[in-house]
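Encoded as structure tokens, the structure appears first; notes follow it.
Residue numbers (the working numbering): 7 to 435.
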């Protein structure tokens, strides 16, 4: 039977979210090194990673529609199985075609996991109480994501150091098997903990399923562009994707320039990234309290977006602050950028969920992810040109300014701002 207790729903959502992101964090640091160790050159690695992005992008909307048609639980189970298979194969893969197969599995798993858990949580809360508070649960989910990525990154970097070189499992392959174990735990958590109410209609036949998925996707796209409020909220993900990609691509290169050593830069970047994820978790945890203080989730989103962009823009100062002071400056900017982003995340999700119905929810969450990756793709095309024309700090400055300017997309009409303020006041009582 579906669980009606909001606290229990929140705990299950947090557990599923944590187990979804933990294996990705564990595999983040050693994956590139594993492919290099097994003889894959950097150019081929780049093409393989582009393929993974393409797979995720192509499958985002179909899998979101699939969740809306057949249910969230089944889609997440499929995601866990594909993730488990992908990491098990990654631990033993040696040839380029095997790594290609691995990223296809991982890309499909990532696309399937985009949205169903969050949609399940919101639907379950609102089924019990149409005006139920989803903000706190979404904040806890964002916190779990940040902590899981941060802990996973540190764990994935530490495991190869403690596994003997002559062990049956090579040191760089050990984190991949650990990630596979996490997917087993995710599979169990989804199977046991994500109960769904029976659907009003009988399960669709395969032919009907194929017809309904595109129809659901098309409805979600029409909704996104028909409603100006929802369209503005969704477009913030494209700008965020641009900024995140700029940080992920340019920061390691700038650290290498500041430290003068690639290996040292990689270690430093791992620590700074973990700091960023921890800050994101702290920001998400503080989001409900900050929103009560401001009295309106739109204001929280505006402040979080503007502050995050400012933190990113301050990386421009590494043009003059070099050496270890420059490294410290980058760590501080990461702290501000991710703390502000974590504060904005839950209210951003809440505002979007208020605009859609249950039947459209997972599709719209997938559109978020699609726009996030689309912004990242545009960033990948423009960043080399910006760096050539100016510099790495200059490209980071422009990306930060763009993110701050996108705060205007969160502005709410006065009547809606009044309604949200009343809702925030009611939830605080």
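Cβ atoms here follow ideal geometry from the backbone N, Cα and C, with glycine treated the same way.
Hey, could you find the ends of the alpha helix (DSSP H) residue i is sitting in?
i: residue 362; result: No alpha helix (DSSP H) contains residue 362, which DSSP labels as neither H nor E.
i: residue 44; result: Residue 44 -> no alpha helix (DSSP H), and no H or E assigned at all.
i: residue 318; result: 303-319
i: residue 323; result: No alpha helix (DSSP H) holds residue 323; DSSP gives it neither H nor E.
i: residue 95; result: 78-98
i: residue 110; result: 102-119
i: residue 140; result: Looking at the DSSP string, residue 140 is not in any alpha helix (DSSP H), and its letter there is neither H nor E.
i: residue 247; result: 234-265
Starting from the Cα of residue i, find the closest Cα among the options and give me that residue.
i: residue 50; options: 106, 36, 16, 91; result: 106
i: residue 380; options: 11, 54, 60, 43; result: 60
i: residue 18; options: 303, 126, 278, 228; result: 126
i: residue 297; options: 316, 249, 353; result: 353
i: residue 86; options: 231, 197, 288; result: 197
i: residue 326; options: 278, 146, 236, 397; result: 397
i: residue 1; options: 90, 42, 177, 16; result: The shown model of the chain, from 7 to 435, leaves out residue 1, and the question about it has no answer.
i: residue 392; options: 53, 256, 146; result: 256
i: residue 276; options: 142, 34, 22; result: 34
i: residue 356; options: 331, 316, 306, 340; result: 306
i: residue 387; options: 40, 44, 56; result: 56
i: residue 113; options: 412, 288, 375; result: 375
i: residue 341; options: 303, 288, 96; result: 288
i: residue 147; options: 236, 360, 22; result: 22
i: residue 389; options: 259, 328, 330; result: 259
i: residue 458; options: 244, 46, 97; result: For the chain, the structure presents residues 7 to 435; residue 458 sits outside this window and is missing.
i: residue 166; options: 251, 97, 11; result: 97
i: residue 242; options: 42, 409, 43; result: 409
i: residue 263; options: 332, 140, 47, 361; result: 332
i: residue 62; options: 413, 383, 414, 406; result: 383
i: residue 250; options: 407, 361, 102, 334; result: 407
i: residue 177; options: 41, 101, 119; result: 41
i: residue 2; options: 411, 54, 238, 265; result: An answer regarding residue 2 cannot be provided, because it is not within the stretch 7 to 435 covered by the chain.
Buried or exposed for residue i, going by 16 or more other Cβ atoms inside 10 Å?
i: residue 269; result: Residue confidence for residue 269 is low, a pLDDT of 49 falling below 50, so the modelled location carries little weight and cannot support an answer.
i: residue 395; result: exposed
i: residue 180; result: buried
i: residue 343; result: buried
i: residue 421; result: Any reading at residue 421 is ruled out, since the residue's pLDDT is 48, under 50, leaving its predicted position unreliable.
i: residue 234; result: exposed
i: residue 437; result: Since the first residue of the chain shown is 7 and the last is 435, residue 437 is not available in this structure.
i: residue 417; result: exposed
i: residue 302; result: buried
i: residue 128; result: buried
i: residue 142; result: buried
i: residue 116; result: buried
i: residue 330; result: exposed
i: residue 194; result: exposed
i: residue 14; result: exposed
i: residue 45; result: exposed
Would you please verify whether the beta carbon of residue i is less than 8 angstroms from any beta carbon of chain C?
i: residue 394; result: Absence of chain C from the displayed structure is noted, only one protein chain being present.
Problem - Contact the stretch 371-386 vs the stretch 307-319: 3+ CB pairs below 8 angstroms - result: Contact annotation: the stretch 371-386 does not touch the stretch 307-319, with fewer than three C-beta pairs closer than 8 angstroms.
Handout entry: the stretch 147-167 contacting the stretch 270-290, beta-carbon criterion three pairs below 8 angstroms
Key = Taking one beta carbon from each stretch, the stretch 147-167 and the stretch 270-290 have 3 or more pairs nearer than 8 angstroms; the two touch.
Exercise for the section: May I ask you to verify whether the stretch 157-175 touches the stretch 81-90, counting CB pairs closer than 8 angstroms and requiring at least 3? Expected result: The stretch 157-175 vs the stretch 81-90: no contact.
Exercise for the section: Count the C-beta pairs between the stretch 23-30 and the stretch 175-189 that are closer than 8 angstroms, then say yes if the count reaches three, no if not. Expected result: Using a Cβ-Cβ distance cut-off of 8 angstroms, the stretch 23-30 and the stretch 175-189 are in contact, since at least three pairs of beta carbons, one from each stretch, lie closer than that value.
Exercise for the section: Could you say if the stretch 287-300 and the stretch 343-354 meet the contact criterion of at least three C-beta pairs nearer than 8 angstroms? Expected result: By the C-beta criterion, the stretch 287-300 is judged to be in contact with the stretch 343-354, since at least 3 inter-stretch pairs fall below 8 angstroms.
Problem - Validate contact between the stretch 399-414 and the stretch 311-331 using beta carbons, cut 8 angstroms, 3 pairs - result: When C-beta atoms of the stretch 399-414 are compared with those of the stretch 311-331, three or more pairs fall below 8 angstroms, so the two segments count as touching.
Handout entry: Any alpha helix (DSSP H) of 4 or more consecutive residues that is wholly inside the stretch 159-206
Key = Qualifying alpha helix (DSSP H) stretches, in chain order: 180-199.
Problem - Entirely enclosed alpha helix (DSSP H) segments - the stretch 372-422, minimum 4 residues - result: Segments of the alpha helix (DSSP H) lying fully in the stretch 372-422: 398-411.
Exercise for the section: Check whether the stretch 86-97 touches the stretch 188-195, counting contact only when three or more Cβ pairs, one atom from each stretch, lie closer than 8 angstroms. Expected result: With a cut-off of 8 angstroms on Cβ pairs, the stretch 86-97 is in contact with the stretch 188-195, counting three or more such pairs.
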